[in-house]
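Notes follow the structure.
Chains as they are written, first to last, in the working numbering: chain W, 33 to 322; chain R, 3 to 594.
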């Protein structure tokens with residue numbers, strides 16, 4: 033295991049005291065240390081939002097992009113440089129709202145990236161509007177009468193689209209969360225870790241207390257098989273008195289996208305030298321034009 | 003009558019083989035050592051509608067197509083009524099005998115009608131009426147006196163590889179039969195002839211999109227992520243077709259936003275990455291363009307313009323995005339814009355864009371359009387200058403340089419040039435963050451203090467100063483001094499050059515041309531070139547004269563006249579000359 037101090041950033045988090053993002057940051061560091069991934073071997077790509085500031089608070093490569101676009105940037109980086117561990121970090125608005133379409137397609141592509149969603153069920157940085165995962169009836173500054181839509185179910189969405197790794201964590205249980213991140217990082221293919229993460233300012237409903245009374249660890253349920261899609265589907269819909277955390281589903285043996293691209297057989301284009309075309313290559317191109 | 007040059011137009015419905023036949027005959031002519039220029043005119047549909055394909059074939063370099071037609075191949079009656087007025091007196095129309103056609107207007111226009119049993123012949127000799135197309139090709143060769151062997155070669159190549167020897171043989175029989183029949187009946191009646199050029203050097207036939215993609219590949223592009231959009235798709239398709247051989251990662255994405263941001267991710271870690279789209283797709287990419295500017299990522303974006311606004315005229319051509327791409331995305335950041343004007347310049351733009359993007363660590367936009375995208379042009383070997391391709395990655399720190407780094411790496415170090423030495427993610431001595439927020443030299447974000455902002459924002463913008471000095475000024479075509487100076491940019495190059503030639507043929511010294519390929523930052527050397535112009539006429543394919551406005555804003559020079567075209571059809575010398583007459587009329591000029 034590498035020393036956790038290795039990942040200490042010089043920048044101090046600006047998150048509110050008690051924010052669930054701290055637990056996520058610590059768990060990410062723990063997972064990297066456990067897996068002995070050095071700071072230069074990993075690239076965090078985030079969008080916009082409180083949680084998307086994470087790359088600034090960890091000593092590792094980081095690229096904070098624009099709202100909703102972390103996933104395609106992360107996929108581009110991975111395809112161009114498959115040697116990097118690429119982690120996309122988004123919030124629930126970022127990942128399931130504005131970036132919802134990218135989420136859908138990242139799932140079915142199965143590029144080997146880890147996707148951490150800091151899911152606080154509310155918009156924090158823009159000060160308290162409802163989010164795609166807010167419950168129906170959630171009262172916020174833009175839904176004073178309560179949200180009319182149903183909440184997005186990211187776990188079911190991921191399962192329905194063929195995700196090969198689907199997990200849910202709770203930032204109040206950082207040790208368990210670190211183990212989920214480590215499993216996601218090790219998983220070959222797209223790995224979703226949706227993290228229940230209280231916003232202590234704007235979400236008075238889904239608080240630490242709310243979760244602590246409800247969450248339970250799937251791995252402590254001897255009957256649960258994370259390789260069984262039917263069980264996963266059922267637990268993905270369990271939300272109320274009991275909320276499961278842990279690896280809901282993992283499918284092994286599915287080739288990643290990049291393993292199926294012949295152009296990547298000798299590494300990504302960012303890893304290879306950039307020589308001029310050879311005489312034979314030029315001739316072959318010109319011969320097509322005669 | 004000139005025997006050095008003629009124009010053939012094929013016209014009919016989409017699905018009747020207008021484009022494939024036209025391109026086939028173009029290839030045959032190019033193989034015969036002739037120069038070809040084609041212009042396709044088609045609608046956004048798979049079957050039906052009205053399409054046409056124009057070939058100008060000449061033993062001199064053809065820089066563009068012309069408006070007049072010598073031989074029309076009409077695949078349906080509408081093709082005749084639509085194009086009758088384009089055929090020159092003494093010209094001819096080839097039609098199938100079974101087609102009901104309005105003969106009177108043909109005669110009234112002084113045109114010849116060449117009916118032939120194309121369909122019957124196709125069925126009888128080849129066994130399928132689909133081969134009517136092949137019969138038409140044979141007939142075209144016959145009336146123009148063109149050696150059938152070149153057409154046969156193209157038929158063999160087109161059918162042989164895809165559909166097998168038997169299909170190729172049947173088509174060859176049809177071509178020969180039509181050639182004989184048409185030659186006997188009409189060979190002597192058609193005055194324009196095509197002769198193969200003896201010992202012509204090997205020439206290449208390609209369009210601007212192919213040239214751009216090939217130039218990009220030669221320049222090290224190994225990553226393209228795109229969303230299909232006419233007329234840019236064939237850049238993406240060309241690179242995809244060559245992906246396996248050249249190890250190009252080619253990715254069709256869910257939308258244009260994903261396409262451009264994926265390219266940014268790839269370019270960020272060190273690949274030469276591009277995306278190609280048209281104006282509507284570019285509109286979606288605009289936010290990401292600013293991201294590349296702030297994050298200093300070398301990104302290449304092609305905007306193949308088509309007429310807007312909105313969906314506009316999807317298969318037509320235009321130059322209406324200039325001021326949009328010059329200003330797209332919020333705030334201010336450096337960007338470079340190239341607008342190639344022909345196949346050679348598209349090839350050059352392909353590799354130059356990447357060198358510029360990496361040297362200045364900022365986005366480069368290549369502005370082409372539907373016309374350049376789809377017009378085939380024959381070029382000589384020196385017009386695809388592989389030998390001139392240099393891969394210049396700018397201030398890129400290699401592993402050895404990073405190993406020896408004594409201080410912490412500052413990705414956004416404030417430098418005089420504005421360019422900060424770049425390290426790619428993955429080296430232990432260069433672990434850094436790249437924020438889309440304002441940031442410090444070390445990449446720490448939310449660095450909104452005044453002193454930092456006053457360092458970083460001017461640092462980025464300083465790149466424009468060096469770029470402005472190295473942008474190519476306008477190229478001069480024609481005499482150094484002239485009564486009228488035409489000014490154009492991008493795709494209208496060939497039409498402008500031929501218009502200038504015609505003006506000087508009738509009155510030497512009457513016109514010259516200043517053509518811009520480097521549009522932004524506006525080249526520093528432009529002012530001197532413009533200062534020598536007496537009367538300035540800007541010619542462009544948009545309504546408001548966007549380039550004229552740019553010219554005035556950047557140089558203070560107000561153009562005297564503006565010739566615009568907004569019908570979605572490409573600029574031709576004929577259109578320019580016609581409109582120039584009116585310009586001259588209004589100002590009482592003696593110039594033209």
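A virtual CB, placed ideally from N, CA and C, is assigned to each residue, including glycine.
In angstroms, rounded to a whole number, what distance separates the CA positions of residue i and residue j?
i                      : j                      : result
residue 277 of chain W : residue 208 of chain W : 9 angstroms
residue 594 of chain R : residue 113 of chain R : In this prediction, residue 594 of chain R has a pLDDT of 38, which is less than 50 and means its spatial position is unreliable; what the coordinates show is noted afterwards. Answer to the nearest angstrom: the Cα atoms are 31 angstroms apart.
residue 603 of chain R : residue 535 of chain R : Absent from the model: residue 603 of chain R. The displayed extent of chain R is 3 to 594, so no value can be given.
residue 120 of chain R : residue 6 of chain R   : 28 angstroms
residue 196 of chain W : residue 134 of chain W : 16 angstroms
residue 388 of chain R : residue 346 of chain R : 11 angstroms
residue 293 of chain R : residue 438 of chain R : 6 angstroms
residue 52 of chain R  : residue 110 of chain R : 24 angstroms
residue 417 of chain R : residue 318 of chain R : 45 angstroms
residue 140 of chain W : residue 430 of chain R : 33 angstroms
residue 138 of chain R : residue 377 of chain R : 22 angstroms
residue 233 of chain R : residue 374 of chain R : 9 angstroms
residue 541 of chain R : residue 40 of chain R  : 21 angstroms
residue 129 of chain R : residue 158 of chain R : 17 angstroms
residue 524 of chain R : residue 515 of chain R : 18 angstroms
residue 159 of chain W : residue 228 of chain W : 19 angstroms
residue 336 of chain R : residue 461 of chain R : 10 angstroms
residue 4 of chain R   : residue 196 of chain R : At residue 4 of chain R the pLDDT is 40, less than 50, meaning the model places this residue with poor confidence; the figure from the coordinates comes in the next sentence. Cα-Cα distance, rounded: 10 angstroms.
residue 334 of chain R : residue 251 of chain W : 52 angstroms
residue 549 of chain R : residue 324 of chain R : 7 angstroms
residue 185 of chain W : residue 278 of chain R : 34 angstroms
residue 145 of chain W : residue 32 of chain R  : 49 angstroms
residue 64 of chain W  : residue 79 of chain W  : 21 angstroms
residue 1 of chain R   : residue 320 of chain R : What is shown of chain R runs 3 to 594, which leaves residue 1 of chain R out entirely.
Please state whether the Cβ-Cβ distance between residue i and residue j is less than 8 angstroms.
i                      : j                      : result
residue 72 of chain W  : residue 406 of chain R : no
residue 37 of chain R  : residue 63 of chain R  : yes
residue 459 of chain R : residue 479 of chain R : no
residue 241 of chain R : residue 522 of chain R : no
residue 265 of chain R : residue 131 of chain W : no
residue 250 of chain R : residue 244 of chain R : yes
residue 397 of chain R : residue 365 of chain R : no
residue 341 of chain R : residue 386 of chain R : no
residue 163 of chain W : residue 129 of chain W : yes
residue 327 of chain R : residue 356 of chain R : no
For residue i, is the classification buried or exposed, using 16 other Cβ atoms within 10 angstroms of its Cβ as the cut-off for buried?
i                      : result
residue 33 of chain W  : exposed
residue 253 of chain R : buried
residue 310 of chain W : exposed
residue 248 of chain W : exposed
residue 313 of chain R : exposed
residue 307 of chain W : exposed
residue 255 of chain W : exposed
residue 590 of chain R : In this prediction, residue 590 of chain R scores a pLDDT of 43, lower than 50, which makes its location untrustworthy; the coordinate-derived value is nonetheless stated afterwards. Exposed, since its Cβ has fewer than 16 Cβ neighbours within 10 Å.
residue 210 of chain R : buried
residue 85 of chain W  : buried
residue 230 of chain W : buried
residue 49 of chain R  : exposed
residue 658 of chain R : The structure shown does not extend to residue 658 of chain R, since chain R is modelled only from 3 to 594, so the question has no answer here.
residue 50 of chain W  : exposed
Please tell me whether, using a cut-off of 7 angstroms, the distance from the CB of residue i to the nearest non-hydrogen atom of the ligand NAP is below it.
i                      : result
residue 541 of chain R : Within the structure as shown, the ligand NAP is missing, as the structure has no ligands at all.
Q | Against chain R: residues of the segment 103-118 of chain W by CB proximity under 9 angstroms | A | 103, 104, 105, 106, 107, 108, 109, 110, 111, 112, 113, 115, 116 and 118
Q | Interface residues of the segment 214-245 of chain R facing chain W [CB-CB below 7 angstroms] | A | 216, 220, 222, 224, 225, 227 and 245
Q: Mind checking the segment 214-233 of chain W against chain R and listing, in chain order, the residues whose C-beta falls within less than 9 angstroms of any C-beta there?
A: none
Q: Using a Cβ-Cβ cut-off of less than 9 angstroms, list which residues of the segment 255-280 of chain R approach chain W; keep chain order.
A: 255, 256, 257, 259, 260, 261, 262, 263, 264, 265, 266, 267, 268, 269, 270, 271, 272, 273, 274 and 275
Q. Are there three or more Cβ pairs, one per stretch, closer than 8 angstroms when the segment 91-101 of chain R is compared with the segment 69-83 of chain R?
A. yes
Q: Could you tell me whether the segment 285-293 of chain W touches the segment 249-268 of chain W, using the rule of 3 or more Cβ pairs below 8 angstroms?
A: no
(Q) Check whether the segment 79-90 of chain R and the segment 147-166 of chain R touch, using three or more Cβ-Cβ pairs below 8 angstroms as the test. (A) no
Q. Mind listing which residues of the segment 81-100 of chain W have their C-beta closer than 7 angstroms to chain R's C-betas, in chain order?
A. 87, 88, 91, 92, 93, 94, 95, 96, 97 and 98
Q) Do the segment 112-126 of chain W and the segment 268-279 of chain R touch if we need at least three Cβ pairs shorter than 8 angstroms? A) yes
Q.
Check whether the segment 88-108 of chain W and the segment 439-447 of chain R touch, using three or more Cβ-Cβ pairs below 8 angstroms as the test.
A. yes
Q: Decide yes or no for the touch test of the segment 526-535 of chain R against the segment 471-485 of chain R: beta carbon pairs closer than 8 angstroms, at least 3 of them.
A: yes
Q.
At a CB distance below 9 angstroms, what residues from the segment 424-440 of chain R approach chain W? Give them in sequence order.
A. 426, 427, 428, 429, 430, 431, 432, 433, 434, 435, 436, 437, 438 and 439
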